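Quick note, the sequences are listed as chains D, F, S and C, same order. Under the working numbering, residue 1229 is the last one in the first sequence; the count climbs by one each step, no gaps. Under the working numbering, residue 1229 is the last one in the second sequence; the count climbs by one each step, no gaps. Under the working numbering, residue 1229 is the last one in the third sequence; the count climbs by one each step, no gaps. Under the working numbering, residue 1229 is the last one in the fourth sequence; the count climbs by one each step, no gaps. Working notes, structure below.
There are 4 protein chains.
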Amino acid sequence: MVIIMRSDADENSIQRVMEAVEANGLSAKVMQGAAQKIIGVIGDKEKMCCLDVESLKGVEKTVNISKNYTLVSREFHPESTVIDVDGIKIGNGNVVVMAGPCAVESKEQIMASAEIIKAGGAQFLRGGAYKPRTSPYSFQGLEELGLKYLADARERTGLKIISEVTEVENVKKVAEYVDVLQVGARNMQHFRLLKELGRQNKPVLLKRGMSATIEEWLSAAEYIVNEGNNKVILCERGIRSYESYTRNTLDLSAVAAIKHLSHLPIVVDPSHGTGKWRMVKPMAYAAVAAGADGIMMEVHPDPAVALSDGQQSLTPEHYVEVMKGIKALSGFMQDSGLYIREL
Amino acid sequence: MVIIMRSDADENSIQRVMEAVEANGLSAKVMQGAAQKIIGVIGDKEKMCCLDVESLKGVEKTVNISKNYTLVSREFHPESTVIDVDGIKIGNGNVVVMAGPCAVESKEQIMASAEIIKAGGAQFLRGGAYKPRTSPYSFQGLEELGLKYLADARERTGLKIISEVTEVENVKKVAEYVDVLQVGARNMQHFRLLKELGRQNKPVLLKRGMSATIEEWLSAAEYIVNEGNNKVILCERGIRSYESYTRNTLDLSAVAAIKHLSHLPIVVDPSHGTGKWRMVKPMAYAAVAAGADGIMMEVHPDPAVALSDGQQSLTPEHYVEVMKGIKALSGFMQDSGLYIREL
Amino acid sequence: MVIIMRSDADENSIQRVMEAVEANGLSAKVMQGAAQKIIGVIGDKEKMCCLDVESLKGVEKTVNISKNYTLVSREFHPESTVIDVDGIKIGNGNVVVMAGPCAVESKEQIMASAEIIKAGGAQFLRGGAYKPRTSPYSFQGLEELGLKYLADARERTGLKIISEVTEVENVKKVAEYVDVLQVGARNMQHFRLLKELGRQNKPVLLKRGMSATIEEWLSAAEYIVNEGNNKVILCERGIRSYESYTRNTLDLSAVAAIKHLSHLPIVVDPSHGTGKWRMVKPMAYAAVAAGADGIMMEVHPDPAVALSDGQQSLTPEHYVEVMKGIKALSGFMQDSGLYIREL
Amino acid sequence: MVIIMRSDADENSIQRVMEAVEANGLSAKVMQGAAQKIIGVIGDKEKMCCLDVESLKGVEKTVNISKNYTLVSREFHPESTVIDVDGIKIGNGNVVVMAGPCAVESKEQIMASAEIIKAGGAQFLRGGAYKPRTSPYSFQGLEELGLKYLADARERTGLKIISEVTEVENVKKVAEYVDVLQVGARNMQHFRLLKELGRQNKPVLLKRGMSATIEEWLSAAEYIVNEGNNKVILCERGIRSYESYTRNTLDLSAVAAIKHLSHLPIVVDPSHGTGKWRMVKPMAYAAVAAGADGIMMEVHPDPAVALSDGQQSLTPEHYVEVMKGIKALSGFMQDSGLYIREL
């Protein structure tokens, strides 16, 4: 922590702040220039937390400089983590693709989707069984029945499956069915859910919250890893900004930030990130070039009748085209040595 | 819904869109000018949801114009709702104050706080027993023990108590202790929690999500009311913007927006809204003048040792000063006829 | 400046950073804990600017803690500034009101407006003669003719006039006509314009940029004061956020921030700040309660035919109602001692 | 425009709105369902502008659906525009690179930079001669002398030069020296400057404003094209969001949006877009994969002594590495047919 004093703060004020710092078991150094007087504080993070000097005389403000996460940081674990989902590796330079409809709507729909997804070359089938929806009057998902359909689709096609879990009490049930447990953007700071997922032996895909900073996102991942589950995959899915042309603002710089700050793999979801099917292709390519370890995208057998998020779903034809591009580009990135593993 | 066609869309494209609309059981009207061709669609909201025409030829974009909420809207229920918490009325023109520490830390601390709060004139004691924290290493709350201390404080002082509930499975337990159940900003879209709260016979204070729109906030309230509990109090607590001088950007225009769009009472939290104790007073006054039905603020017997959020907590002296101002101002607003009940 | 080192940075890295700091004529102190190594740097701001150590080995990031402004800060000039516009004082506790149409459209319109504004009790007539508009096809203002009409209206009513200047080359011309020169949000960082205004002997109202931080806004004011003109009035007019219900997000906490950080008076514009005529009243009241020194608002003789910004203009009847409320509330704030002069 | 009526609006209210619409020379159609009543309005955009019905009884809100730009839209001009800068083509599928220091600091510095830039393979040398700076105390540029140094560097190396123009009165002078005139983010809505640039016979690079929407950006371009200069290059340089890890949030989806909405070429600036030299490489690659027509980036002979923006400048070594990657990737995109010319 750095304490910035008012320029007119006198010796007594500085003295009193120093005493408060030391009373909390922390050490401080004063730096005093003509226009600036700052006090650097170091020591135990927990103690720092309890230090409140902003209401003391002469203090202008405090700046917190310590991180809220350790285990997921690259400083702590320099080697990039590769997660093995039953033979499919995430984080080793190949780009995995997770595709499928927004929601599981019926057995027919998910089976038809799975065939399309499989034929196009993705490794994962995605589909929501428990759907958090803004309006209480929107379709809320088939729940466990949806999970069963997904499992049937896996059996038929060999695709791995990923689906969202929204409640602590459903974690075990969802974990029985899926290969990867997904945490949605709205639940990124649902801390008890994160802790419960930290006790499972299944990989977790953690979507970035709608207005979460990189720091908060990594802190959320820390909750999971801190409980013992280090198989966390991060997923950038767009953040909320003033721009309304796109549904969200896809923050691809997050890929670079994560590759620098953390050892965890990162996947990008251009469907939610843009909200427009037309933009999925260019943003998928951009994500691959930035070094993303995977792409998650929405595909619907017939998007014109999708029960949710239809406007951002690819038709089967578009899906096949985007898949070809991703494969070609990701192959090129690796072969040419341009692939960015860490920064 | 309004469908905006490309200016070069031909008759065939328009025809195909019209067919899609009608195939979904909806009605449409075409308006065709020189530079604009738009198609208005009306009908059942549920059906609208399934209409996906953006991938059809000639369609530029669609604009959704229907609301996701009904029961909480002023159009549905023109009369402002007054909520009675065991004799304390919220929404009748008086300004209630909910004050106390961020977290319940110990029996001594909460008792000392309660005496201060009571003496200053607030009606509610607030304090977190279950604390959602960004970092897994921060203090997470005393849980049920904290609730017990709050109840003890109520017994001693007669203050009503309000505390946050973060999990579906804790709803009943927290409801046994508190007078008002609080939903935190991070849980505003924790839909199963909202539904569970909708089945309680206790008022719920619903904080606005960190980046929630007014529309999403009212839709979250709709989840609660739709289950049968219409005692919902909204709480503006600042939204996330680019400005970092304040912890959040307190959106006081939300008070006016709610008074226009909804019949529910609204409370303002300037402590979280600004993150700076110094700004609590001016923002509390501003909220009262805007027509807020209540103020929630953090007060700590000794903020210099608070375990969380100390920088935004008032000292007892400041609290007393702010309380006097709130009472005087709110009395003036009512007496002078300037109080804004609805817009 | 504070330099935050990677936790694995070794002695050599720290040494090299220290050398770079000292080579720039600055002083540094190292603080080294178990998990944190930080280097505090103080000295001449200009030299700090040239210090670039982020690409040195072991450096995680740098945090700039010095301010870009001095002359406009309250530390430099503790006494609140009162600006005298030909007898009308701004910043002395009274609330001045600047009202009028968005744009000067015709002599009839501005004369009719002036009569209404005068009768309602505002001190200033506002109206745009040079209009910066998003679209090249929108009405761009009557230019000098508009200024003449404003001057005519002043002669008839005795109101002071305020109008926007958008170009360096027009500064002198606009200054001949108006009592206060306005800088629009889009020009807040038009630095040559600011410098030119700094050389005039007329008060300047500086609107906050659409996405300007408090720091950038005060730095823009510093440009004007640094050239010799210390008659700067700040104007909060809403910032850009994700919320689209309102045209902008009116940041009333800026009033409190300015009262703390600066000695300059601050005015609030709830018309642009919300974009909805209905919200002008509650937000004007809130601004007054927060301590604003003035209110700027749009009024149109007949808003249903306004050439620009009609949706946010008050009708004459609403204007009169809001004026009464502002006067009563501002009188109460002063008489009761609740008025916040500085923080 | 679409007018959304309150659900309780009666026939009379609807009738009055229809009359107002028609009185403005526009046509309207009413669509009336159980829960929704909407009125579609079409006709002349200019007349629409003057229509203000929000204060009429029964009107909930109005939604504007027409665009502010025409000439720069792809609907108007379906073919992608290729701009020829003295033999260098922008927009034809090749990726041009504009590189150089943030500011021209001295003849030695710019000559050294030019040699590096040339050797690395970029086609343009960039460097600021007129620098708009947040603080009045920061280095403000060498002005005309800087332009002379740039011209000298062009003579020596054959690189084209691009530099920012900040004032109407300097347009001609800057145009004499440079090959491309740059408009900075702060000036994106400096409309008189845009008009003046519209009368030049030199290409203009128009940076996106810090918080400009795509719509506002294209409207700004329309100002230039509307005056007769259709050689406009758009440049995405990051937008302001709540995330503070990066200096701005680079919005790469803007590349896709522009390729869909407009025929103008688009360049991406990852240096300003991220503010971190480390992130320039991944974001440059991502931009190329998304279909960008060019990359603008900061390079400094010795970033550790740069007078401005040093933290985001590449060293010569990094520059050479990024250039190689851009060339390889852009070649692959074209050869493989993955290059996205339009959407």
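C-beta atoms are modelled at their ideal positions from N, C-alpha and C, and glycine is treated no differently. The model shown is predicted, which means the values in this text are computed figures rather than measured ones.
Within the region 923-979 of chain C, the complete beta strand (DSSP E) segments of 3 residues or longer fall at 923-928, 945-949, 969-971, 974-976, listed in chain order.
In summary, Q901 (chain D) is exposed, with fewer than 16 beta-carbon neighbours lying within 10 Å of its beta-carbon over all protein chains present. F962 (chain D) counts as exposed, since fewer than 16 other C-beta atoms from the protein chains shown sit within 10 angstroms of its C-beta. Look at H1146 (chain S): its C-beta is under 9 Å from a C-beta on chain F. Chain-ordered listing is empty here: chain S has no CB closer than 7 Å to the CB of Q995 (chain C), the nearest sitting near 13 Å.
Distance from F1010 (chain F) to L1045 (chain F) at the Cβ level is roughly 6 Å; contact confirmed, criterion being Cβ atoms closer than 8 Å. Look at the beta carbons and you see the region 1138-1158 of chain F touching the region 961-977 of chain F: at least three pairs across the two are nearer than 8 Å. A residue is called buried when at least 16 other Cβ atoms come within 10 angstroms of its Cβ; R1123 (chain S) meets this threshold and is buried. Runs of the beta strand (DSSP E) spanning 3 or more residues and lying entirely within the region 1169-1208 of chain F occur at 1180-1184, in chain order.
DSSP places K1117 (chain D) outside both helix and strand once states are collapsed to three, so it counts as coil. In terms of beta-carbon proximity, V1174 (chain S) lines the interface with chain F, with at least one pair separated by less than 9 Å.
With respect to chain D, the C-beta atom of Y955 (chain S) has no partner C-beta closer than 9 Å. Within chain C, the residues whose beta carbon sits less than 7 Å from that of M1096 (chain S) are S1097, listed in sequence order. Contact of Y1205 (chain D) with chain C is not assigned, every C-beta pair being separated by 9 Å or more.
In this structure, S:V1057 is the residue among S:I1100, S:S1097, S:V1057, S:H1076 with its C-alpha nearest to the C-alpha of K1088 (chain S). Under the DSSP definition of a beta bridge, T1160 (chain D) lacks any partner. Using a 10 angstroms sphere on the CB of G1223 (chain S), the tally of other CB atoms stays under 16, which defines it as exposed. When only Cα atoms are considered, V1111 (chain D) and F1077 (chain C) end up about 53 Å apart. Residues are counted here when their Cβ sits less than 7 Å from a Cβ of chain D; for the region 1067-1082 of chain F these are R1072, Q1075, H1076, F1077, R1078, given in chain order. For Q901 (chain D), not one C-beta of chain F is nearer than 9 Å to its own C-beta. Residue F:S1199 holds the alpha-carbon nearest to the alpha-carbon of V1166 (chain F) among F:H1186, F:S1199, F:A1175. Our two residues, I924 (chain D) and M887 (chain S), have alpha carbons roughly 9 Å apart in a direct line.
In the three-state reduction of the DSSP assignment, V1054 (chain S) falls in the helix class. For W1163 (chain D), the neighbours in chain F by C-beta distance under 8 Å run, in chain order, E940, S941. A1143 (chain D) sits in a helix when the DSSP states are folded into three classes. G919 (chain F) reaches chain C at S913, I928, G929, counting residues in chain order whose Cβ is nearer than 8 Å. The CB of V888 (chain S) comes closer than 9 Å to the CB of V888, I924, G926, V949, I951 in chain D, given here in chain order.
Residues K1093, R1094, G1095, M1096, R1123 of the same chain have their beta carbon placed closer than 7 Å to that of A1071 (chain D), with the five preceding and five following residues left out of the count.
Taking 9 Å as the cut-off between beta carbons, the residues of the region 1119-1131 of chain F near chain S are G1124, I1125, R1126, S1127, Y1128, E1129, S1130, Y1131, in sequence order.
Residue-level contact check: P1168 (chain F) touches chain S, since one or more beta carbons of chain S fall below 9 Å from its beta carbon.
Where M984 (chain F) is concerned, the enclosing beta strand (DSSP E) starts and stops at 982-986. In the three-state DSSP reduction, S992 (chain C) falls in the coil class, being neither helix nor strand.
Between the C-alpha atoms of V1069 (chain S) and M904 (chain C) there is a straight-line separation of about 38 Å. Judged by their CB atoms, V1185 (chain C) and G1006 (chain C) are nearer to each other than the 9 Å cut-off. By the criterion of at least three beta-carbon pairs nearer than 8 Å, the region 1198-1216 of chain S is not in contact with the region 1203-1211 of chain F. Closer than 9 Å to the CB of T1201 (chain C) there is at least one CB belonging to chain S.
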